[in-house]
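Remarks on the structure that follows.
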Ligand code: URA
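Numbering (the working numbering), first residue to last: 19 to 321.
Here it is in structure tokens:
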């Protein structure tokens, strides 16, 4: 497997040095080389389909047969790719230790489950189902192709997203864009095979970027469910703990859930790390690259 210059440049941008130069390893060696992935050691092989706690096999093309790039080698990121300081935006916090917050609730919008795009946008814009509507600048509905084949689900708007009304526009968003570019995907105008749809579990920013509270997630959930039904993606990338908990109803750690194909409403779901976590833990970008490759396999297996 030879990586194109573009792929190499993209992996480098993600902070994953494609350090096996073609001159150093023959092409078929690259395709077969096992990826040293300690965190994957207990995970089932790619191609397992997990629903309601049970894993069943689904036919999956091999990465090499599908012409995909091999899994990225686990290698320390170059110092230049590491963030100078860890991301402080707790909108993407992964610490389970944060204290629960008492959240005043309001009425949920009715009829979300049958809404089309315009009504759904309006319902999100006027939602008062929890107190986040009081502190937000604006809700962040989501962005991208309404019939996208790829859907990305994150956690909640942070400060920049709240200001700009678009998901993932801060530093984590810049990394997400580079991850997407590595798969030839984009949030910008393109056809449904290339332009993704990006949504968050919460449409409104939690104050001071605290963790989403379970009641907020529950109140907001119908919006994400309807977005998934309307987009009908071929694959969903669930990024981070809150996306995973909301979509899969699982409190298992990401490390245990990734490397498998899960399912929500008939749509395959691939679990991966949140880009903000990857900014803090760049060595895990290689694992995230594996997750992206698995998602691409799933997409290709659907034709
Ligand atoms: N983190 C998220 O999960 N979503 C955003 O929109 C921004 C940061």
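C-beta atoms are modelled at their ideal positions from N, C-alpha and C, and glycine is treated no differently. All values reported here derive from a predicted model rather than from experimental measurement.
Where residue i sits in the DSSP three-state scheme
| i | result |
| --- | --- |
| residue 229 | coil |
| residue 176 | coil |
| residue 148 | strand |
| residue 186 | coil |
| residue 313 | helix |
| residue 305 | helix |
| residue 162 | strand |
| residue 214 | coil |
| residue 197 | helix |
| residue 321 | coil |
| residue 244 | helix |
| residue 251 | coil |
| residue 262 | helix |
| residue 191 | helix |
| residue 136 | helix |
| residue 341 | Given a span of 19 to 321 for the chain in the structure shown, any question on residue 341 remains unanswerable. |
| residue 276 | coil |
| residue 128 | coil |
| residue 234 | helix |
| residue 118 | coil |
| residue 239 | helix |
| residue 181 | helix |
| residue 300 | helix |
The ligand URA heavy atom lying under 8 Å from the CB of residue i
| i | result |
| --- | --- |
| residue 190 | yes |
| residue 273 | no |
| residue 187 | yes |
| residue 234 | no |
| residue 202 | no |
| residue 294 | yes |
| residue 226 | no |
| residue 323 | Residue 323 lies beyond the residue range present for the chain, which begins at 19 and ends at 321; the question has no answer from this structure. |
| residue 239 | no |
| residue 157 | no |
| residue 162 | no |
| residue 218 | yes |
| residue 174 | yes |
| residue 179 | yes |
Buried/exposed call for residue i, threshold 16 Cβ in 10 Å
| i | result |
| --- | --- |
| residue 256 | buried |
| residue 123 | exposed |
| residue 278 | buried |
| residue 167 | buried |
| residue 267 | exposed |
| residue 237 | buried |
| residue 253 | buried |
| residue 303 | buried |
| residue 290 | buried |
| residue 286 | buried |
| residue 311 | buried |
| residue 179 | buried |
| residue 176 | buried |
| residue 315 | buried |
| residue 120 | exposed |
| residue 162 | buried |
| residue 221 | buried |
| residue 125 | exposed |
| residue 128 | exposed |
| residue 321 | exposed |
Beta-bridge pairing of residue i - partner residues as DSSP gives them
| i | result |
| --- | --- |
| residue 285 | 282 |
| residue 256 | 171 and 289 |
| residue 204 | 213 |
| residue 220 | Looking at the DSSP assignment, residue 220 forms no beta bridge with any residue, so it has no partner. |
| residue 123 | 148 |
Contact with chain B by residue i, beta-carbon distance below 9 Å
| i | result |
| --- | --- |
| residue 240 | Structure shown: chain B not included; a single protein chain is present. |
Check: Should the stretch 194-210 be called in touch with the stretch 146-154, which here means at least 3 C-beta pairs below 8 Å?
Finding: no
Notebook entry, point to check: Counting Cβ pairs closer than 8 Å, one from the stretch 285-297 and one from the stretch 171-190, do we hit at least three?
Noted result: Contact holds between the stretch 285-297 and the stretch 171-190, because three or more Cβ pairs, one in each stretch, are under 8 Å apart.
Check: Does the pairing of the stretch 255-271 with the stretch 166-180 give three or more beta-carbon distances under 8 Å?
Finding: yes
Notebook entry, point to check: Is the stretch 216-226 touching the stretch 174-184 in the sense that three or more CB pairs, one from each, lie closer than 8 Å?
Noted result: By the Cβ rule, the stretch 174-184 counts as touching the stretch 216-226, because three or more pairs are nearer than 8 Å.
Checklist line | Given 8 Å, three or more beta-carbon pairs between the stretch 244-252 and the stretch 305-313 | finding: no
Notebook entry, point to check: Should the stretch 135-149 be called in touch with the stretch 219-237, which here means at least 3 C-beta pairs below 8 Å?
Noted result: The stretch 135-149 vs the stretch 219-237: in contact.
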